[in-house]
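Report on the following structure.
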Amino acid sequence: MHELVKKWQNVAPSQNAEKILRERYYLKNREGEYLENSWNELSRRVARVIAAAELLNNPRLQQMTPAERLDHIKSWEEAFYELISSRIFIPNSPTLFNAGMGVDFELLYKPLENMKLEDYEKIVQQRNHLHMLSACFVVPVDDSIDGIFTAVKEYAMITKVGGGIGSNFSALRPNGSFVAGTHGKASGPISFMHVFNSAVSVVEQGYRRRGALMGILNIDHPDIVDFIQAKRGNDGERVLRFFNISVGIPMQREEILKLYEQDGQIELHHPKWVGKKQVRVREIFQLMAQNAWETGDPGMVFLGEMNKYYALYPVRQIISTNPCGEIGLGPYEACNLGSIDVAKLYDGGKFAWDALEKIVRVAVRFLDNVIDVNVFPIDKIEWAVKESRRLGLGIMGFADLLYQMEIPYDSEEARRFARNLMAFISLHAHEASSDLGEEKGNFPLFSQSRYAKEENFVPFSMDVSDYDDEIKQHFKTRAKKHKRNVAVLAIAPTGSISNIADTSSGLEPNFLLAYVRYVNKQSSGEREPLLYVNEVLRKKMPAEDLKRIESELIEKGSLKNLDVDEKWKRIFVVALDISPMDHLLMQEAFQCYVDNNISKTINMPNSASVDDVLDIYVEALKHKIRGLTVYRDGSLRTQVLTTARSA
Ligand code: CDP
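If you're matching positions, the sequence shown starts at 51 in this note's numbering and goes up one per residue.
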């Protein structure tokens, strides 16, 4: 393995990270005693279980002798272990929580040299119903009481094992429309969303974090105006507490832009609705902006844009996203995620592209293996996942990487680097997926996919990067024959795993350079403060300067108004120092090379007006992005992150 990986294996998680791990991640037995006490032990468990998947998904193993088989699995266990233990690559939380559930503990931690082939076989056999490893699910909701309450049950089952769920509620007939069975009136999608919210609120308690849901209603549904206001009065606690809500744009975003610019109308419709109504697109946008200004909701999801780049469209269709938006999915699809900490790849004044290439390839195999050792809560989900084998490999640590490279986040230079970084990852991840297709078999629907059928199909829009020719070449040649996964990339929020990695989250700028983060103590439920000052700043800024400003920095979170050299202010920008447009452009830079989506928040200062928010909603329609989430500082009472001052 690359030397950098070795180097990071020797760096222990910070005290903050260790605290989070002990509270929520280290496995305990039924008596509540810790079975693992270090990140290395956790890494061993996860690497071992995921390597055991080779027994399930590798036809070449049949031709090997038992000794060769054992060597093969062990060598992948070691490769996975190196990546995870170094914290350069970390899979999504459910994989960390649940890998090994049901398996004899002894098998999960015994020294690698003592592992036998039967041990790996036992791991595979002993997995139980809690062995659920994916973060993202989409459940369809049909327009009948039976359909709705089937979905409620499915929500409960998925939440219980730790998945986040999204649904598009547009199939439900609007509020007030006729119900033949009862001669009554339908209560409409928003009322039913409260039922889903309640179900999840009861189920979450057994689990290690609160559930997360996404509710979508398409822009042409008759209840759209009420939907946009569904989180009014949101105090972060009561109103549809578990839901993010988004307006679905099933058509191309350019169509809506045109209607907006020409002050056109959109016809609202539903097959079970006899009414007729048109709404001005400008009115809808005004209302979205007003509500987003107040509560942060609704966002927008460009379903048409997602399907435009979906390799199985129109054979399959994306109907919704998961809660944070990074994955668009069809009915009953699920996806598992993993993120590479790019900040750890900057070493000796250089970015280690060669290490990144190797890491990407191992990570793709890891995520593909996760599918096969996963125990899905519902059979329909297992079928949907296995016919297309979608993965979500992405990054974290981007802002900390830019700090090290001394490139301001809100600059064209940063965006150029972002495009090159993502294009490079995308190229090698897709190469790896084609390698796996050749080695283990293509995804079952491959022959119906646009990879196989469409001359010039590339599953993302592209822009300008150093790898464009190689990417085009890949999809023209290799991808025509071999592809293991319908999509491979996504950038997740990495809300928890970036803390474990001691790095900045996803592609986001740091929210604050110094802050207090509250974590719930599982044992007592108390909130405990953890203090944090950005590591790169600590290393780069002369110690005496930092000392001089430290208390003010903890209070304000940004260098912007502090008495320090302009150079530091320009490099160490935080979310609220960056203009909304610069946030959006960074989202676009990455999205151009990602086949799934990106989780990104467009942060706005508390002083932003409704018109400022509206400008961004309209601007979003003009860019190659797949959705929009806006957050005006202070618009919700409960924030995960807070400065010491506001705590
Ligand atoms: O860092 P971690 O792996 O815990 O998760 P993340 O990257 O912040 O979120 C990835 C996805 O996990 C989200 O989009 C949700 O689908 C899901 N999630 C969830 O179900 N419940 C949460 N409390 C947080 C995330």
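Ideal placement from N, C-alpha and C gives every residue a C-beta, glycine not left out.
Just so we're clear, the structure is a prediction, and the values are computed from it rather than from any experiment.
Check your understanding: Can you tell me the Cα-Cα spacing of Val99 and Lys606, whole angstroms?
Key -> Straight-line Cα distance between these residues: approximately 44 angstroms.
**Study point:** Neighbourhood of Leu267 by C-beta distance below 7 angstroms, restricted to the same chain and skipping five residues each side
**Key:** Excluding residues within five positions, the ones whose Cβ falls inside 7 angstroms are Phe219, Ser220, Pro239, Asp273, Ile274, Phe277, Val297, Gly298.
Point to revise | Assigned secondary structure, Gln112 (DSSP; H/G/I helix, E/B strand, else coil) | key: Three-state DSSP puts Gln112 in a helix.
Review point. From the DSSP output, which residues share a beta bridge with Gln315?
Key: Beta bridge pairing from DSSP links Gln315 with Arg330.
**Study point:** Classification of Lys281 by the beta-carbon crowding that lies within 10 angstroms, buried from 16 upward
**Key:** With 16 or more other Cβ atoms within 10 Å, it is buried.
Review point. What are the partner residues of Phe496, as DSSP defines its beta bridges?
Key: None; Phe496 has no bridge partner.
Review point. Cβ atoms of Met636 and Arg466: under 8 angstroms apart, would you say?
Key: It is not a contact, given that the beta carbons lie outside the stated cut-off.
**Study point:** The alpha helix (DSSP H) enclosing Leu635, as first and last residue numbers
**Key:** Looking at the DSSP string, the run of the alpha helix (DSSP H) that includes Leu635 is 630-641.
**Study point:** DSSP state of Ile70 mapped onto helix, strand, coil
**Key:** In the three-state reduction of the DSSP assignment, Ile70 falls in the helix class, which pools H, G and I.
Review point. So does Arg440 have its beta carbon nearer than 7 angstroms to some heavy atom of the ligand CDP?
Key: False, no ligand heavy atom lies under 7 angstroms from that Cβ.
Review point. Is the closest heavy atom of the ligand CDP to the C-beta of Thr544 under 7 angstroms?
Key: Yes; taking the cut-off as 7 angstroms, the Cβ of Thr544 has a heavy atom of the ligand CDP nearer than that.
**Study point:** Contained alpha helix (DSSP H) runs [length at least 4] in the stretch 577-660, N- to C-terminal order
**Key:** Entirely contained in the stretch 577-660, the alpha helix (DSSP H) runs reaching 4 residues are, in chain order, 585-590, 593-606, 616-621, 630-641.
Review point. From what residue to what residue does the alpha helix (DSSP H) around Phe246 run?
Key: Element bounds for Phe246: 238-253.
Check your understanding: In terms of residues, what are the limits of the alpha helix (DSSP H) holding Ala206?
Key -> Segment 195-210, the alpha helix (DSSP H) holding Ala206.
Review point. How big is the Cα-Cα spacing for Met182 and Met654?
Key: Their backbone Cα atoms lie some 36 angstroms apart in a straight line.
Exercise for review: Check whether the Cβ of Glu376 sits closer than 7 angstroms to any heavy atom of the ligand CDP, and report yes or no.
Suggested key: Checking the 7 angstroms criterion, the Cβ of Glu376 is within range of a heavy atom belonging to the ligand CDP.
Review point. Three-state secondary structure (DSSP) at Ile431?
Key: Ile431 falls in the helix class under three-state DSSP.
Review point. Does the ligand CDP have a heavy atom nearer than 7 angstroms to the CB of Gly349?
Key: The answer is no for Gly349.
Review point. What three-state label does DSSP hand Val566 in the structure shown?
Key: The answer is strand: DSSP assigns Val566 an E or B state.
Check your understanding: Looking at the structure shown, is Arg687 part of a helix, part of a strand, or coil, going by DSSP?
Key -> The predicted position of Arg687 is uncertain, since its pLDDT is 44 and thus under 50; no value can be drawn from it.
Point to revise | Distance cut-off 7 angstroms: Lys554 Cβ against heavy atoms of the ligand CDP | key: It is worth fixing the name first, because residue 554 is Ser in this sequence and not Lys. It does not: the Cβ of Ser554 is nowhere closer than 7 angstroms to a heavy atom of the ligand CDP.
Review point. Mapping DSSP to helix, strand and coil, what is Ala117?
Key: DSSP places Ala117 in helix when its eight states are reduced to three.
**Study point:** Segment limits, alpha helix (DSSP H) that includes Met455
**Key:** Counting along the chain, Met455 sits inside the alpha helix (DSSP H) bounded by residues 448-455.
Review point. What residue does the beta strand (DSSP E) around Tyr681 start on, and which one ends it?
Key: Where Tyr681 is concerned, the enclosing beta strand (DSSP E) stretches over 680-682.
Exercise for review: Could you pull the start and end residues of the beta strand (DSSP E) that Asn268 belongs to?
Suggested key: Here the beta strand (DSSP E) through Asn268 covers 263-268.
Exercise for review: Starting from the Cα of Gln641, find the closest Cα among Gly575, Glu407, Phe352 and give me that residue.
Suggested key: When each option's Cα is compared against that of Gln641, the closest is Phe352.
Point to revise | Alpha-carbon to alpha-carbon, Leu539 and Pro116 | key: Approximately 34 angstroms, taken between the alpha carbons.
Review point. Would the beta-carbon of Ser143 fall within 8 angstroms of that of Trp58?
Key: Their beta carbons are not under 8 angstroms apart, which means Ser143 does not touch Trp58 by this criterion.
**Study point:** Near the ligand CDP: Ile334 beta-carbon under 7 angstroms from a heavy atom
**Key:** Not under cutoff, so the answer is no.
Point to revise | Rounded straight-line distance, which links the Cα of Ala249 to that of Arg682 | key: Each residue's alpha carbon lies about 29 angstroms from the other.
Exercise for review: Grab me the residues of Lys430's own chain with a C-beta within less than 7 angstroms of its C-beta, minus the 5 sequence neighbours each way, in chain order.
Suggested key: Same-chain partners within the cutoff: Tyr382.
Point to revise | Any beta strand (DSSP E) of 3 or more consecutive residues that is wholly inside the stretch 101-188 | key: Counting only unbroken stretches of 3 or more residues, the beta strand (DSSP E) elements lying wholly within the stretch 101-188 are 139-141, 186-188, in sequence order.
Check your understanding: Do Gly214 and the ligand CDP come close, with the Cβ less than 7 angstroms from some heavy atom?
Key -> It does: the Cβ of Gly214 is within 7 angstroms (strictly closer) of some heavy atom of the ligand CDP.
Review point. Within 10 angstroms of its Cβ, does Leu222 collect 16 or more other Cβ (buried), or is it exposed?
Key: Buried is the call here.
Practice item. State the start and end residues of the unbroken beta strand (DSSP E) segment that holds Met350. Key: Element bounds for Met350: 349-351.
Point to revise | Start-to-end residues for the alpha helix (DSSP H) that takes in Gly487 | key: It spans 462-490 - the alpha helix (DSSP H) in which Gly487 sits, taken as one unbroken run.
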